[in-house]
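Below you'll find the structure, written out as structure tokens, and then a few comments.
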Amino acid sequence: MAWLESIETLLEDIVLVVTFCLEAISVLCVVAGLFETARLAFTLNRHRRGKEFPFNQVRLRFGTWLALALEFQLGADILATTVAPTTQDLIKLGVIAVIRTFLNYFLDREMASELALVKEQKTLDKDAIKGR
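Our numbering puts the sequence shown at residues 152 to 283.
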């Protein structure tokens, strides 16, 4: 039975490393999203030529990165509770999963509506150019 305990210890160590990696990837997604969104905002601001700033496009870009980060965080939380979970760990995971799922759902909905607005604005801009 000693070999079973060593396998369990190895599995726990692997889970810790993979959980850390998933959490680190999540943080990197937020940081990368911040820089990419800032770059986009700067570029759009420079080229707007008297037009209104396309805030929705910037929000859409950052929201995409946040949704990706939430997916990695949820994966890390699920993985962290797979090794000998207590009842309290399972309840905590359930609450976190529900909160993150709701956040992701509403973020996805908002991003879809923002994308529709951006597409509509592009169509209106094209129609205005054709009308001239």
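Glycine included, every Cβ here is placed at the ideal spot set by N, Cα and C.
Beta-carbon proximity list for residue i, same chain, < 6 Å, skipping 5 on both sides
| i | result |
| --- | --- |
| Ala225 | Residue 225 is actually Leu in this sequence, not Ala. Counting only Cβ-Cβ distances below 6 Å, and skipping sequence neighbours, we find Arg251. |
| Asp240 | Thr232 |
| Trp216 | Cys180, Gly184 |
As assigned by DSSP and simplified to three states, the class of residue i
| i | result |
| --- | --- |
| Phe171 | helix |
| Glu187 | helix |
| Arg212 | helix |
| Lys202 | coil |
| Thr237 | coil |
| Met262 | helix |
Sequence-distant residues of its chain with Cβ nearer than 7 Å to residue i (five each side left out)
| i | result |
| --- | --- |
| Val182 | none |
Outcome for residue i when other beta-carbon atoms lying within 10 angstroms are tallied against a minimum of 16
| i | result |
| --- | --- |
| Ser157 | exposed |
| Thr170 | buried |
| Gly264 | The amino acid at residue 264 is misidentified as Gly; the sequence shows Ser. When all chains shown are included, Ser264 counts as exposed. |
Beta-carbon contacts of residue i that lie in its chain and below 8 Å, excluding the five residues immediately before and after
| i | result |
| --- | --- |
| Ala218 | Asn255, Leu258, Asp259, Met262 |
Cβ separation of residue i and residue j, assumed to be a contact under 8 Å, to the nearest whole Å
| i | j | result |
| --- | --- | --- |
| Asn207 | Leu268 | 5 Å |
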